[in-house]
Amino acid sequence: MSVNNFDDVHPLSSGLDEVDSPRKRMRIESPARKSWSLTDRKTDQEVLQEMGVSFLDSDENEQPCETETVASPLKPNLKRKHDIENVNPNVNSITSPRSKYSPRSPRAKICSPSPGPSKAKSPRSSEKSKPLHPTDLESTLLHDYVIEEETPMGQSVAVAPRYLPASPGQSPLSIYTGTKDGQDKDKDVSHSPIAELQLTNYQTGVDSFSVLSDEMMLSVFRWLPKRTLAHCMLVCKRWHRVACDETLWQRLDLGNKTLNKNALGRILGRLPVIIRLASSEISEWHPTSPPEQSRVQYLDLSMTTIDPRTLDCLLERCGGVKKLSLESIKVQDSTCQLIGKCSNLETLNLTMAQGVTAEGLTAILEGCVSLQSLNISWCNLSEAALTVLVSKLPQKLQRLNLGGARIMTDDMVATLCSRGSRLLELDLSDCSRLGAKAVTSVALLPRLEHLALSRCYLLPPHVLTKLSSMPSLQYLEVWGMLQTASLNALRAALPAIQVNQFMFSAIARPTVGARRTSIWGLRTRD
63 MSVNNFDDVH
73 PLSSGLDEVD
83 SPRKRMRIES
93 PARKSWSLTD
103 RKTDQEVLQE
113 MGVSFLDSDE
123 NEQPCETETV
133 ASPLKPNLKR
143 KHDIENVNPN
153 VNSITSPRSK
163 YSPRSPRAKI
173 CSPSPGPSKA
183 KSPRSSEKSK
193 PLHPTDLEST
203 LLHDYVIEEE
213 TPMGQSVAVA
223 PRYLPASPGQ
233 SPLSIYTGTK
243 DGQDKDKDVS
253 HSPIAELQLT
263 NYQTGVDSFS
273 VLSDEMMLSV
283 FRWLPKRTLA
293 HCMLVCKRWH
303 RVACDETLWQ
313 RLDLGNKTLN
323 KNALGRILGR
333 LPVIIRLASS
343 EISEWHPTSP
353 PEQSRVQYLD
363 LSMTTIDPRT
373 LDCLLERCGG
383 VKKLSLESIK
393 VQDSTCQLIG
403 KCSNLETLNL
413 TMAQGVTAEG
423 LTAILEGCVS
433 LQSLNISWCN
443 LSEAALTVLV
453 SKLPQKLQRL
463 NLGGARIMTD
473 DMVATLCSRG
483 SRLLELDLSD
493 CSRLGAKAVT
503 SVALLPRLEH
513 LALSRCYLLP
523 PHVLTKLSSM
533 PSLQYLEVWG
543 MLQTASLNAL
553 RAALPAIQVN
563 QFMFSAIARP
573 TVGARRTSIW
583 GLRTRD
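In structure tokens:
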């Protein structure tokens, strides 16, 4: 009797069926109970659905691969992949490591990445439906590692078995699957080997990053921003040790920032070489421990809000500084004495600094014998301070800016020129007392290339023509002194000299123009 016509026969019409079929006897005794018999379905499709097997219809939106499919007979004892995933979401189909971790690789072409019930059109579809043997899995993994070994993921995967060796009596397959020999031998291997390897490392506490040496970690950390690098220091002790390496903290740009209390000490603890703290607010830092010399060589504190005691504590630990900027900062005699102890100082910017006295200038000029560039403009220097400056000028000084010294006299300029025979650039702008004698003294400088006499209103225009006798002079700044006709006449009288090319001076300035990410031509950001 066919299955379709089975329901037409009443269950009581055959005594043999009642005796030989316990299921039918149960149905007779409890007719309200739902029957689980496969013969109660009218069509074969309902029977297959009850067994968990449905017809694999192709997805209309799926793009078929350019390969032929191999038709396989439908097996009634198998379940759909979608149904299996619904029961256990941790079970994934076996895929190669490159198809999981590098989906964009041209070598790993995925026909249907979606987990839905789609029909595989790839030649590997027949292979995925069969359980892999240990030897097949090992050969597949090794083949994939060789193909993808040039990629970073392939390199890390390729060397992973070396750091998880098989114990005596253990097969190499158990390293990837996480199973022991003798257990689940006849179970299908349906886990991704890379996922199992990562899970094993997580459970056993093995850090995959430990494969890299300290040198390789340094090369990776070198590309990270300072904020991210600080977060990496919180991962573990090894990361903290590598991230604290002094080569990663050579440049620090903390301009326009607010530093908390004692933060300055932690900054020096990173052993930086270049520090930019322009326009920052630095809280107090008063360490009680003996001072230890840092590696700072270039320090920009222009327009920084800092108390004098904190500034002294900082300069006390920066004895090897080569270039220093204290623009618009209040200094004391103790600060100038600490600056004088920096024997390697080459560039000093004290523009608009407050509190510069004759004693402080004496300590700076006598101690900084290697000073080459000095900007002490608009510091409201007293007559005694100016006398000390022109009489104790370092012999190696090449660039000097004394702009805004309104009490500067012609005799002081003559003394200055007698000691500064190596001057290449001199700025005497806004020195309103200078006369014709000062120009005559400046004309005796043999190596002077750039001279600024802007807004020196007592200078007669015809005196400037004497500067034509200077063989090395290239630039002359006389802003705000001459009318257009007089300026054209001066240019005609000085054909070899360029007049009014630079309005502002750049002597000893850490930043010039829009270059705010560098000080004295050195980058402050990696």
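The sequence shown begins at 63 in the working numbering and counts up by one.
Note that CB positions come from ideal geometry on N, CA and C, so glycine has one too.
Which first and last residues belong to the beta strand (DSSP E) in which residue i is found?
{"i": "residue 514", "result": "512-514"}
{"i": "residue 539", "result": "537-539"}
{"i": "residue 385", "result": "385-387"}
{"i": "residue 435", "result": "435-437"}
{"i": "residue 362", "result": "360-362"}
{"i": "residue 487", "result": "487-489"}
{"i": "residue 462", "result": "461-463"}
{"i": "residue 313", "result": "313-315"}
Along the alpha helix (DSSP H) that carries residue i, what are the first and last residues, could you check?
{"i": "residue 338", "result": "No alpha helix (DSSP H) contains residue 338, which is instead part of the beta strand (DSSP E) from 336-338."}
{"i": "residue 502", "result": "498-504"}
{"i": "residue 408", "result": "Where residue 408 is concerned, there is no enclosing alpha helix (DSSP H), given that its DSSP letter is neither H nor E."}
{"i": "residue 445", "result": "445-453"}
{"i": "residue 281", "result": "276-283"}
{"i": "residue 395", "result": "395-402"}
{"i": "residue 550", "result": "546-555"}
{"i": "residue 328", "result": "325-331"}
{"i": "residue 55", "result": "Residue numbering for the chain in the displayed model covers 63 to 588; residue 55 lies beyond these limits and cannot be assessed."}
{"i": "residue 475", "result": "472-481"}
By Cβ distance below 8 Å, which residues in the same chain neighbour residue i in space, the five residues on each side in sequence not counted?
{"i": "residue 353", "result": "375, 378 and 379"}
{"i": "residue 347", "result": "323, 324, 325, 326, 327, 372, 375 and 376"}
{"i": "residue 314", "result": "288, 329, 332, 334, 336, 337, 338 and 586"}
{"i": "residue 517", "result": "491, 492, 494, 541, 542 and 543"}
{"i": "residue 580", "result": "573 and 586"}
{"i": "residue 394", "result": "370, 374, 417 and 422"}
Flag this pair as yes or no: are the beta carbons of residue i and residue j separated by less than 7 Å?
{"i": "residue 435", "j": "residue 413", "result": "no"}
{"i": "residue 392", "j": "residue 417", "result": "yes"}
{"i": "residue 287", "j": "residue 312", "result": "no"}
{"i": "residue 475", "j": "residue 503", "result": "yes"}
{"i": "residue 424", "j": "residue 450", "result": "yes"}
{"i": "residue 489", "j": "residue 514", "result": "yes"}
{"i": "residue 552", "j": "residue 526", "result": "yes"}
{"i": "residue 569", "j": "residue 406", "result": "no"}
{"i": "residue 584", "j": "residue 368", "result": "no"}
{"i": "residue 481", "j": "residue 455", "result": "yes"}
Pull up the CB-CB distance for residue i and residue j, whole angstroms please, since I reckon it's below 8 Å.
{"i": "residue 411", "j": "residue 390", "result": "10 Å between Cβ atoms; not a contact."}
{"i": "residue 520", "j": "residue 495", "result": "7 Å"}
{"i": "residue 364", "j": "residue 572", "result": "6 Å"}
{"i": "residue 498", "j": "residue 523", "result": "About 11 Å; that fails the 8 Å criterion."}
{"i": "residue 370", "j": "residue 350", "result": "About 18 Å separates the two Cβ atoms, so there is no contact after all."}
Residues in its own chain within less than 6 Å of residue i by CB, not counting five upstream and five downstream?
{"i": "residue 192", "result": "Its pLDDT being 48, under 50, residue 192 is placed unreliably by the model, and nothing is read from it."}
{"i": "residue 197", "result": "Residue confidence for residue 197 is low, a pLDDT of 44 falling below 50, so the modelled location carries little weight and cannot support an answer."}
{"i": "residue 466", "result": "439, 440 and 492"}
{"i": "residue 536", "result": "511"}
{"i": "residue 409", "result": "385, 435 and 570"}
Kindly list the residues whose CB is nearer than 7 Å to the CB of residue i, restricted to its own chain and excluding five residues on each side of it in sequence; keep chain order.
{"i": "residue 322", "result": "345"}
{"i": "residue 532", "result": "505 and 510"}
{"i": "residue 578", "result": "none"}
{"i": "residue 291", "result": "283, 305 and 310"}
{"i": "residue 276", "result": "304"}
{"i": "residue 400", "result": "374, 377 and 378"}
{"i": "residue 402", "result": "425, 426, 428, 429 and 430"}
{"i": "residue 447", "result": "418, 419, 420 and 423"}
{"i": "residue 356", "result": "330, 333, 379 and 380"}
{"i": "residue 471", "result": "495"}
Validate contact between the stretch 335-353 and the stretch 313-326 using beta carbons, cut 8 Å, 3 pairs: yes
Segment contact, 8 Å Cβ cut-off, at least three pairs: the stretch 298-308 with the stretch 549-566: no
Three CB pairs or more closer than 8 Å across the stretch 290-299 and the stretch 532-550: no
Meets three-Cβ-pair contact criterion under 8 Å: the stretch 481-500 and the stretch 450-467: Touching, yes, given that three or more Cβ pairs across the two stretches are closer than 8 Å.
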